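For reference, the structure is listed below as structure tokens.
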Amino acid sequence: DSGVTQTPKHLITATGQRVTLRCSPRSGDLSVYWYQQSLDQGLQFLIQYYNGEERAKGNILERFSAQQFPDLHSELNLSSLELGDSALYFCASSARGTGGDEQFFGPGTRLTVL
Amino acid sequence: KNQVEQSPQSLIILEGKNCTLQCNYTVSPFSNLRWYKQDTGRGPVSLTIMTFSENTKSNGRYTATLDADTKQSSLHITASQLSDSASYICVVSRWSGGQNFVFGPGTRLSVLP
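Given below as structure tokens:
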């Protein structure tokens, strides 16, 4: 158990809908990262937050957005869902959000878009 | 183009044997290189993190090497165990106005009794 929690574990929805994925980092960690893992594209970095502020952006689509709240939990919002958005979404956390920080991954949320 | 390649794509070995997984990258500017172990359907677990100046790092039976000149890394697993069966993913971090992470496709390792 990494100490990172993600809810829900599974999510099934229809195309065009909007969903919110939630992540709670390890106690004491200030930085949160979001990743997408699909069968055809592997793992991709989406976005990083540090202490409530966006720190780095990866391959995140404009239909996706995220935020980190004052209690340090984070939410990833996915809208206008398409079939290709079906994937495992992982959240990770690290202490300081710097380059050499070890990241601890949560168990993931499996999103299925029908 | 920033890319990470891994070989072999899959590997089958017998319990107790050693193996070496390869990672080649063309990512720049280079920040660090990480190896992760990922069991099917679970989150990746960090094995090693190496910066430009480090060329070897160990974590138990796992030893990673880095040659920043040739942009190659390897992960050596000693005395394999059944629990080593997993995907091993090489990730290169680059710094460009903020961190970005480029993932390799992974090597699927199966350890048989």
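If you read the protein sequences in the order shown, they are chains A and B. Per the numbering used here, residue 1 is the first one in the first sequence, and the count goes up by one each step. Per the numbering used here, residue 115 is the first one in the second sequence, and the count goes up by one each step. All residues carry an ideal CB built from backbone N, CA and C; glycine is no exception. Keep in mind it's a predicted model, so treat the numbers as computed, not measured.
- Note: residue 214 (chain B) is bridge-paired with B:208 in the DSSP secondary-structure output.
- With fewer than 16 other beta carbons inside 10 angstroms of its own, residue 12 (chain A) counts as exposed.
- Residue state for residue 39 (chain A) is assigned as coil, using DSSP reduced to three classes.
- In the DSSP assignment, residue 148 (chain B) falls within the beta strand (DSSP E) that extends over 144-152.
- Using a CB distance cut-off of 8 angstroms, residue 145 (chain B) counts as an interface residue toward chain A.
- With respect to the 8 angstroms criterion, residue 194 (chain B) and residue 129 (chain B) are classified as neighbours on the basis of their beta carbons.
- Interface annotation, residue 149 (chain B): not in contact with chain A, CB-CB separation never under 8 angstroms.
- As a beta-bridge residue in DSSP terms, residue 134 (chain B) pairs with B:190.
- Apart from the 5 residues on each side of it in sequence, residue 127 (chain B) sits with its Cβ closer than 8 angstroms to the Cβ of 133, 194, 223, 224, 225, 226 in its chain, given in chain order.
- Residues of chain B with a Cβ closer than 8 angstroms to the Cβ of residue 58 (chain A) are, in chain order, 214, 215.
- The C-beta distance from residue 104 (chain A) to residue 2 (chain A) rounds to 4 angstroms, short enough to meet the 8 angstroms contact threshold.
- Going by beta carbons, residue 56 (chain A) and residue 213 (chain B) fall inside the 8 angstroms limit.
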